[in-house]
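The listed protein sequences correspond, in order, to chains F and P.
So for the first sequence, my numbering puts the first residue at 5; every next one is plus one.
So for the second sequence, my numbering puts the first residue at 5; every next one is plus one.
Worksheet: one structure, shown below.
Number of protein chains: 2
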Amino acid sequence: MTSPASVVLVFLDSAFPDGRLADASQPQLLVTDQGATRGDGAFETMLAVGGNVRKIQAHLDRLDGSGKALDLAIPGQDQWRRAIAAAIAEHRSQHPPVSDADDELVVKLVVTRGAEGAAAPTAWVQVSPVGAGARRQRETGIDVILLDRGYDSDAAERAPWLLLGAKTLSYAVNMAALRHAHKQGADDVIFFSSDGRVLEGPTSTVLLAHVDKSDDGTPVKRLITPQLDSGILAGTSQGALFKAAKEAGWELGYGPLVPQDLLDADAVWLISSVRLLAPVNRIDGQEIGTPSLQKELTAELNELFAGIQ
Amino acid sequence: MTSPASVVLVFLDSAFPDGRLADASQPQLLVTDQGATRGDGAFETMLAVGGNVRKIQAHLDRLDGSGKALDLAIPGQDQWRRAIAAAIAEHRSQHPPVSDADDELVVKLVVTRGAEGAAAPTAWVQVSPVGAGARRQRETGIDVILLDRGYDSDAAERAPWLLLGAKTLSYAVNMAALRHAHKQGADDVIFFSSDGRVLEGPTSTVLLAHVDKSDDGTPVKRLITPQLDSGILAGTSQGALFKAAKEAGWELGYGPLVPQDLLDADAVWLISSVRLLAPVNRIDGQEIGTPSLQKELTAELNELFAGIQ
């Protein structure tokens, strides 16, 4: 949870080349904005470290993709980049980072279909501190439960109006799934499809690792994620980490995965742009992998991930 | 589409017994409101005729039900009723109805989970004129296409976190389905489940009628709607019309229905609170029923429906 006082807000506005700075603690949206009344829009959540947004191009490209799925005009990437830079600079000026370890900011991009009857979308950048919970879960790991997402793994391909590959503002189901997990004492959720395939977390991508011995005795490390055509969001963090892991000699794999694959893995993570790699300790109460190997693999992947711009 | 100038806005606010009147043409929501950033909240859309809201109790009860599904504290019904009365009175004072036929208003209730970090939900009533499109479609009827909703008809029962019986603000899929229909030259959509059952429209309930001869030659009229446990929203208009139709001697039926049942019906309608009964002329290009019988049944049901408070 973020108090509005620590949020820096910059609207994209063609009259202001670097965006229009606004006060996030004051009302800024019309009640007829279709973001608020229909969850009709798209968003991205990014991490800035030392003032630099990580994977910014991948996020801007995915936002464009969400816009295409929604038939929604997304402002140009240059306009976003200027507004993002202005918002981060303003936040660092208002709240100078205390230490290098503390120098992380959440940068959220939001585009709605605009107010009813308006010709243009509403678009803004908001910059805020990283919550304590996200930082803690990187270290302690998380307990997750498996929940049915209701869709079968072919739904995305046959029914594009379901917007399964888009990151829309309609996140009520994702939030309800997280509340369901919290009531059961768990931290997070891994969704599976109605035909039993592992999909994704409500706000993250699923990764798992296997370490095997090759014929000559050297360890072979494999990093695996569900395949995209099952109707999940293309994870920008997963994409970047896979690239780095491949260069470091890991083998890569893509689903289909079933829940048993998670239980049989040497380690499982939920990966996302702000919380980064959250090691999964338990799934539906069952311990995953071995703690020492999980720790070692997490450290190795964290190091690879830290090198990503 | 509604211009903000013709919208009367009243926030539910414990400091104001009849709600707090606000200017809908000015920003009133924080950008961190979880209605805007997560589609996290619930709503109702009602029709006021001559200043009286139709089926108000059914709408307030359904809003409470959506709140339960969302774990969201919904303001009390008395508080809503006072704010609704104030908003309607204000609209009729600002924009006096020109004629009895013109004396219809859309009354929308919205509750969001509030701004991030806030203790209370954001809740408001907005009152605006009925759009010309809705009035026209009551008369002319509509063309619809059938679209897959992705969920099977058991999903609602086994996975309550999918919020299938709740009227949430996360309507991006419903809006995308309507855009998909418009691109194909159609007006609206009837969703079916992945296991082939007729569900509902994106903003309406499906009705169909059959007229048969009984053994003694008198006509037997049956009104049929999909069964609720297939994961559709309980239609307040369908519920009220069924009650009135039963009293008028109609037989009632509840699904499961398959698309062929729609094509075989004597008439099909999409029913909702503002557009009321919209006769379906064509489904996927195929004409439904016979125009003269459809007209006759529509007139009869409209008369029954007009008597509902």
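The C-beta atom is built at its ideal place from N, Cα and C for all residues, glycine as well.
Nearest-angstrom Cα separation, counted from P:VAL115 out to P:ALA127: In the second sequence, the residue the question calls residue 127 of chain P occupies position 123. In the second sequence, the residue the question calls residue 115 of chain P occupies position 111. Computed Cα separation, rounded: 4 angstroms.
Put P:TRP254 into one of helix, strand or coil per three-state DSSP. Residue mapping note: residue 254 of chain P aligns to position 250 of the second sequence, counting from 1. Here P:TRP254 sits in coil by DSSP.
Neighbour-count burial assignment, P:ALA180, 16 or more Cβ in a 10 Å radius: As a working mapping, residue 180 of chain P is identified with position 176 in the second sequence. Counting Cβ neighbours within 10 Å, P:ALA180 comes out buried, since at least 16 surround it.
Would you say P:GLY23 lies against chain F (beta-carbon separation less than 7 angstroms)? Against the second sequence, residue 23 of chain P aligns to sequence position 19. With 7 angstroms as the cut-off, P:GLY23 does not count as an interface residue toward chain F.
Buried or exposed: which applies to F:SER97, given that a residue is buried once 16 or more other Cβ atoms fall within 10 Å of its Cβ? Numbered from 1 along the first sequence, position 93 holds the residue referred to as residue 97 of chain F. Counting Cβ neighbours within 10 Å, F:SER97 comes out exposed, since fewer than 16 surround it.
CA-CA distance, P:LEU34 and F:GLY45? If you number the second sequence from 1, residue 34 of chain P lands on position 30. If you number the first sequence from 1, residue 45 of chain F lands on position 41. Their backbone Cα atoms lie some 16 angstroms apart in a straight line.
Closest Cβ-Cβ distance between F:THR172 and chain P: below 7 angstroms? Residue numbering aside, residue 172 of chain F sits at position 168 when the first sequence is read from its first letter. Judged by the 7 angstroms Cβ criterion, F:THR172 is in contact with chain P.
Check the DSSP bridge columns for F:HIS184 and list the partner residues they point to. Counted from its first residue, the first sequence places residue 184 of chain F at position 180. DSSP output for F:HIS184 lists no bridge partner at all.
Let me know if P:VAL110 comes out buried or exposed under the rule of 16 or more other beta-carbons within 10 Å of its beta-carbon. For the purposes of this step, residue 110 of chain P is taken as residue 106 along the second sequence, with counting starting at 1. P:VAL110 is buried by the Cβ-count criterion.
Give me the Cα-Cα distance between F:VAL12 and F:GLN32, rounded to the nearest whole angstrom. Translated into positions along the first sequence, residue 12 of chain F becomes position 8. Translated into positions along the first sequence, residue 32 of chain F becomes position 28. Taking the straight line from one Cα to the other gives about 13 angstroms.
Straight-line CA distance for F:GLY243 to F:GLN298? For the purposes of this step, residue 243 of chain F is taken as the residue at position 239 of the first sequence. For the purposes of this step, residue 298 of chain F is taken as the residue at position 294 of the first sequence. Straight-line Cα distance between these residues: approximately 21 angstroms.
Proximal chain F residues relative to P:MET50, where beta-carbon distance stays under 8 angstroms: What you label residue 50 of chain P is simply residue 46 of the second sequence in a count that begins at 1. Within 8 angstroms Cβ-Cβ: nothing; P:MET50 doesn't reach chain F, min ~15 angstroms.
Can you check which of these residues, P:ILE60, P:GLU120, P:ALA282 and P:ARG201, is closest to P:SER157 by C-alpha distance? Reading the second sequence from its first residue, position 153 is the one you call residue 157 of chain P. Comparing Cα positions, the closest option is P:ARG201.
Are the beta-carbon atoms of F:THR49 and F:LYS112 separated by less than 7 angstroms? Locating residue 49 of chain F in the first sequence gives position 45, counting from the first residue. Locating residue 112 of chain F in the first sequence gives position 108, counting from the first residue. Cβ atoms of F:THR49 and F:LYS112: closer than 7 angstroms.
Which residue spans inside the stretch 18-59 of chain F form an unbroken beta strand (DSSP E) run of at least 3? 20-27 and 45-53
Coil, strand or helix - F:ILE88 by DSSP: Counting from one through the first sequence, the residue named residue 88 of chain F turns up at place 84. The answer is helix: DSSP assigns F:ILE88 an H, G or I state.
Residues of the stretch 151-168 of chain P whose Cβ lies closer than 7 angstroms to any Cβ of chain F, in chain order: LEU151, ASP152, GLY154, TYR155, ASP156, ALA159, ARG162, ALA163, TRP165, LEU166 and LEU167
For P:ASP37, go through chain F and note every residue whose CB falls closer than 8 angstroms to its CB, in chain order. Residue numbering aside, residue 37 of chain P sits at position 33 when the second sequence is read from its first letter. Under the 8 angstroms cutoff, chain F gives LEU33 and ALA40.
Cα separation between P:VAL102 and P:ALA271? Here residue 102 of chain P refers to the residue found at position 98 when the second sequence is read from its first residue. Here residue 271 of chain P refers to the residue found at position 267 when the second sequence is read from its first residue. Straight-line measurement puts the Cα of P:ALA271 at about 34 angstroms from the Cα of P:VAL102.
Using a threshold of 7 angstroms, state whether the C-beta atoms of P:SER241 and P:ILE275 are closer than that. Numbered from its first residue, the second sequence carries residue 241 of chain P at position 237. Numbered from its first residue, the second sequence carries residue 275 of chain P at position 271. It is a contact, given that the beta carbons lie within the stated cut-off.
So, helix, strand or coil for P:GLY293, using DSSP? Residue mapping note: residue 293 of chain P aligns to position 289 of the second sequence, counting from 1. Coil.
Given F:PRO223, which residues of its chain have a CB within under 8 angstroms of its CB, disregarding the five upstream and five downstream residues? For the purposes of this step, residue 223 of chain F is taken as residue 219 along the first sequence, with counting starting at 1. Same-chain partners within the cutoff: VAL215, ASP216 and LYS217.
Give the secondary structure of P:LYS72 by DSSP, where H, G and I count as helix, E and B as strand, and everything else as coil. Position 68 of the second sequence, counted from the start, is the residue given in the question as residue 72 of chain P. Three-state result, P:LYS72: helix.
Straight-line gap, P:GLY293 to P:GLY311 (C-alpha atoms, nearest Å): Within the second sequence, the letter at position 289 stands for residue 293 of chain P. Within the second sequence, the letter at position 307 stands for residue 311 of chain P. Each residue's alpha carbon lies about 26 angstroms from the other.
Classify F:THR207 as helix, strand or coil using the three-state DSSP reduction. The sequence position of residue 207 of chain F within the first sequence is 203, counting from 1. In this structure, F:THR207 counts as coil in the three-state DSSP scheme.
Look at the alpha carbon of F:ALA190 and the alpha carbon of F:SER208, and state the distance between them as a whole number of angstroms. Working through the first sequence from its first residue, we reach residue 190 of chain F at position 186. Working through the first sequence from its first residue, we reach residue 208 of chain F at position 204. Straight-line measurement puts the Cα of F:SER208 at about 15 angstroms from the Cα of F:ALA190.
Can you tell me which of the three DSSP states F:LEU173 falls into? Counting from 1 along the first sequence, the entry for residue 173 of chain F is found at position 169. The answer is coil: DSSP assigns F:LEU173 none of H, G, I, E or B.
Determine the DSSP secondary structure at P:ASP107, reduced to helix, strand or coil. Walking along the second sequence from the start, residue 107 of chain P turns up at place 103. Coil, per DSSP.
Rounding to the nearest angstrom, what Cα-Cα distance links P:PRO143 and F:THR36 in this structure? As a working note, residue 143 of chain P is residue 139 in the second sequence. As a working note, residue 36 of chain F is residue 32 in the first sequence. The question names Pro, yet the displayed sequence has Glu at residue 143 of chain P. Between P:GLU143 and F:THR36, the C-alpha separation is close to 27 angstroms.
First through last residue of the alpha helix (DSSP H) which encompasses F:GLN264: As a position in the first sequence, residue 264 of chain F is number 260, starting the count at 1. Run containing F:GLN264: 263-267, per the alpha helix (DSSP H) assignment.
Can you name the residues of chain F whose CB is closer than 7 angstroms to the CB of P:ASP75? Start at 1 with the first residue of the second sequence, and residue 75 of chain P comes out as number 71. In chain order: ARG183.
In the DSSP assignment, find the unbroken alpha helix (DSSP H) run with P:ALA160 in it and report its ends. Residue mapping note: residue 160 of chain P aligns to position 156 of the second sequence, counting from 1. Element bounds for P:ALA160: 159-162.
Please classify P:GLY145 as buried or exposed, where buried requires at least 16 other C-beta atoms within 10 Å of its C-beta. Residue 145 of chain P sits at position 141 when you count from the first residue of the second sequence. Label assigned to P:GLY145: buried.
Chain P contact for F:ALA91 (CB, 7 angstroms cutoff): For this step, residue 91 of chain F is matched to residue 87 along the first sequence. It does not: the Cβ of F:ALA91 has no partner Cβ on chain P nearer than 7 angstroms.
For a test of the three-state rule: what should DSSP assign to F:ARG117, helix, strand or coil? To locate residue 117 of chain F, count along the first sequence from 1; it is residue 113. The answer is coil: DSSP assigns F:ARG117 none of H, G, I, E or B.
Rounded to the nearest angstrom, what separates P:LEU151 and P:PHE196 at their Cα positions? As a working mapping, residue 151 of chain P is identified with position 147 in the second sequence. As a working mapping, residue 196 of chain P is identified with position 192 in the second sequence. Straight-line Cα distance between these residues: approximately 6 angstroms.
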